[in-house]
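Remarks on the structure that follows.
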Amino acid sequence: MTMLAVLKSPKFLRAALPGASFAVLLAAIFYVQPRAMSYFGLNLMLQYAVPIALATIAQMFIITVNDLDLSIGAFVGLTATIGATLVQTTPVLGALALLATVAAYGALGALVYWRNLPSIVVTLGMSFVWLGIAVMILPTPGGAAPGWIKAIMGLKTPWVPFPVVAALVIGIAVHVFLMMSSYGAVLRGAGGNPRAVDRAGWSLLKIKVIMYSAAGFFGVLSGLSLIGLTSAADAHIADRYTLYAIAGVILGGGEFVGGRVSPFGAVVGALTLTLTGSFLIFLKISPDWQIGAQGAVLIVVLALRALIKRREA
Amino acid sequence: MTSMIRRLTEKPWIWSYLGMTLVWLATTIYSGGTGSAQVITAALSFATFTVIVGIGQMFVITTGPGNVDLSIPSTISLAGVVAMKVMDGSDTLLAIGLVISLACGLAVGVFNYLLIRILRIPPIIATLSSSFLVLSTAIAYGRGLKIKPPELLAQFTTAQVLGLPILAIVVILFAIAMSILLHRTLYGRSVMAIGQNMRAARLAGIRVERVRFLTYTLSALLAALTGYLLAGFSGGASLNMGQEYLLASIAVVVIGGTSVAGGRANIPGIWGAAMFLFLLVTMLNTFGASAGIRLILTGVIIIAVITTAGGDEPQR
């Protein structure tokens, strides 16, 4: 195959789409506001990329096994409140509480598998539970983020801003685990063809529990990294993350069913989503349109993908 | 007698009415009977809005796994905001306001379907992305909105006859009409056939795409209608007025006994479930539960119901 044929192949186009969307958006920002093209500018624009990327990865684990998590935003809100209260005052108790939330996520996976429940309904119900607990812990916005989390989130890495470095590290780590390990292939297979995985002797129950626990774990990281940036917490701090996380996975080239996901793409998708907000600010468009623009970006990328798919067929 | 009980317990909607009755009794006993009639009046009033969106969501969910309308809350807000601004408190513009809010719903429904059909996006993602756009439009259009609804609309949505809200009576009749639409018409039967097996439905000559188009449009239209009425009921529109109806619309469908896997639908259960959800919150309020406890219990009960109802068929 010639170089050009490779470049025009649907498979390549598909893989390149998330990165290309990000690059186009970044180029547009630099064109509108050349001063953004700096260490400081990038740092500012992508500040919230880390918590959003972590929540996106959490959602990706759930989507891999053909489920959908509508509670991740509320869950990140809960872990943020725990982080800004218990983790700050009594670290051991805080760590135990966070561990318990991860275990609860695993139990949720078991429940969904055991009773063959629709994940949308279960997680929608759970979003109320998470929010309720968070409101009980922290009825009004407040608390204080532990110093060490703030220190990590405020790191000044050389040359490349910390949010970019952190997002890349997260993407690569999860990519190695899910895409390159043999058990990762089994986990993804459970989304592609659960019956085949079951017949091959793997426990689907165990797979669901692992994937849901992984989602819980990354949800905890997202909440902690978020308070590292905001210093304080609020039960509603991450309500929008549910939508961001789904959008991030899809922008990153993930499919909704069939275990076809890309951790690296998901992180890039989260970065793209974060940039959309900054782009509007530079264009001096009212923040009213921020979520609308994110919806529009999502639709445009999905339209491009539909075009590529048509060529695949 | 026992056969009657058995026949009743086989009805999927019976549980929501049972739950509703139990919760109401608990509230009544706790409060010593004071205000127990008013509680029912209030429940009927508030449940009407949940019922209208719930019926739309039910048709969507019945068309099969993966079908759910997540744009309902933003459509409610958009329709409410636009209607209030157009009518600007004037009774003479009442009909125009209704037409315009329904037009908003129509636009959202058509847009949702186009995304699903042309871009081949899963309905959840399609309705989610469109809800971003719809909500943004509502925010941009309704900036600093504090317009009172027309007097007539406010009166109609809050009027009562012998303790029965007029709106609730209208919506009960509407639910009966929708029941007929579901069980006795070609459209309704097609919706259930598609939900049971889309391929078989297509092979049987059902125009699957047309039915799906109508279903997503119906859901958006009903959400818009809710926005219009709700704005009248609550003394004006607000941007987050639709927020709570995302969970509520799905919850009443599930609790009401409609199969989440599609193909089996049930309208009486939606009324029971909507009443149950409102009375549950009332009960917890009467018991003096904090906001946190209320949220937790609402979530736990929804999960308990879906766990008991279970999923016998593969879903999503």
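So the protein lines, in turn, are chains D and X.
This note's numbering numbers the first residue of the first sequence as 22 and each following residue consecutively.
This note's numbering numbers the first residue of the second sequence as 1029 and each following residue consecutively.
Glycine is no exception: its CB is placed at the ideal position from the N, C-alpha and C atoms.
Given the structure is predicted, the values throughout are model-derived calculations rather than measurements.
| Item | Value |
| --- | --- |
| Taking buried to mean at least 16 other C-beta atoms within 10 Å of its own C-beta, is F1315/X buried or exposed? | exposed |
| Are the Cβ atoms of I93/D and Q109/D separated by less than 8 Å? | no |
| Tell me the rounded alpha-carbon separation between L1231/X and V1219/X. | 14 Å |
| Give the interface partners of R1148/X over in chain D, defined as CB-CB distance under 8 Å, in chain order. | A327 and K330 |
| Could you give the DSSP three-state label for L328/D: helix, strand or coil? | helix |
| From the DSSP output, in three-state form, read off P1193/X for me. | strand |
| By the criterion of Cβ-Cβ separation under 8 Å, what are the contact partners of Y1138/X in chain D? | Per the sequence shown, the amino acid found at residue 1138/X is Val instead of Tyr. Here the premise fails: no neighbours, minimum Cβ distance about 15 Å. |
| Is the shortest distance between the beta-carbon of V150/D and the beta-carbons of chain X less than 8 Å? | yes |
| My assumption, with CB atoms under 8 Å, is that F285/D sits in contact with I193/D. Please give the rounded CB distance. | 7 Å |
| Is the CB-CB distance between A287/D and G273/D below 8 Å? | yes |
| Beta-carbon of M81/D versus every beta-carbon of chain X: anything under 8 Å? | no |
| Ordered along the chain, which non-local residues of its own chain (more than five positions away) have a Cβ less than 7 Å from that of L1163/X? | S1102 and S1105 |
| Can F1139/X and S1158/X be called in contact, C-beta distance under 8 Å? | yes |
| Quick one: is P1342/X near chain D, going by C-beta distance under 8 Å? | Low local confidence applies: a pLDDT of 44 at P1342/X is under 50, so the model's placement there is unreliable, with the coordinate-based value given in what follows. It does; some Cβ of chain D falls within 8 Å. |
| Kindly indicate which residue of I1208/X, L1192/X, T1336/X and V1109/X has the alpha-carbon position closest to the one of F1074/X. | L1192/X |
| Anything in the region 305-319 of chain D with a Cβ closer than 7 Å to a Cβ of chain X? List those residues in chain order, please. | S307, D309, W310, I312, G313, Q315, G316, A317 and L319 |
| So, are the CB atoms of L1353/X and I1124/X less than 8 Å apart? | Nothing can be reported for residue 1353/X, as the shown portion of chain X is limited to 1029 through 1344. |
| If you count every other CB in all the chains shown that lies within 10 Å of the CB of T1092/X, and 16 or more means buried, which is it? | Looking at the sequence provided, one finds Gly at residue 1092/X rather than Thr. Flag for G1092/X reads buried. |
| Sorted by chain position, which residues of the same chain lie with C-beta nearer than 7 Å to Q68/D's C-beta, five sequence neighbours on each side aside? | P184 and L250 |
| Pop quiz: G1094/X and P1151/X are said to be a contact at Cβ under 8 Å. What is the actual Cβ separation, rounded to whole angstroms? | 6 Å |
| Quick check on the burial criterion: 16 or more other C-beta atoms within 10 angstroms. Buried or exposed for K229/D? | buried |
| Between the region 135-148 of chain D and the region 1275-1291 of chain X, do three or more beta carbon pairs fall short of 8 Å? | yes |
| Under 8 Å: do the region 312-332 of chain D and the region 83-90 of chain D share three or more Cβ pairs, one atom per stretch? | no |
| With 9 Å as the C-beta to C-beta threshold (strictly closer), list the residues of the region 29-52 of chain D near chain X in chain order. | none |
| Of the choices V150/D, P182/D, I271/D and V190/D, whose alpha-carbon is the least far from that of F61/D? | P182/D |
| E1272/X lies in the alpha helix (DSSP H); which residues open and close that run? | First-last for E1272/X: undefined, no H or E at that position. |
| Consider the Cβ of P162/D: report whether some Cβ of chain X lies at a distance smaller than 8 Å. | no |
| Would you be able to state if there are at least three C-beta pairs under 8 Å between the region 1293-1308 of chain X and the region 1043-1060 of chain X? | yes |
| Taking any Cβ of chain X, which residues in the region 126-142 of chain D have a Cβ under 8 Å from it, in chain order? | L132, R136, N137, L138, P139, S140, I141 and V142 |
| Could you work out which residues of chain D lie near V1110/X, taking near to mean beta carbons separated by less than 7 Å? | None at all; the shortest Cβ gap to chain D is about 15 Å. |
| Go to L1036/X, then tell me how far its alpha helix (DSSP H) extends in each direction, as first and last residue. | T1030 to E1038 |
| If R332/D and P39/D are in contact, beta carbons under 8 Å, what's the gap, nearest whole angstrom? | The Cβ separation is near 18 Å, so there is no contact. |
| Kindly indicate which three-state DSSP category Q315/D falls into: helix, strand or coil? | helix |
| Quick one: residues in its chain with C-beta nearer than 6 Å to the C-beta of E1341/X, no 5 flanking neighbours on either side, listed in chain order? | Because E1341/X carries a pLDDT of 49, less than 50, the predicted location of this residue cannot be relied on, and no value is offered for it. |
| Answer yes or no: do L1267/X and V1109/X have a C-beta to C-beta separation smaller than 8 Å? | yes |
| So which residues on chain X does A217/D lean against when the C-beta distance must stay under 7 Å? | Simply none; closest approach about 14 Å. |
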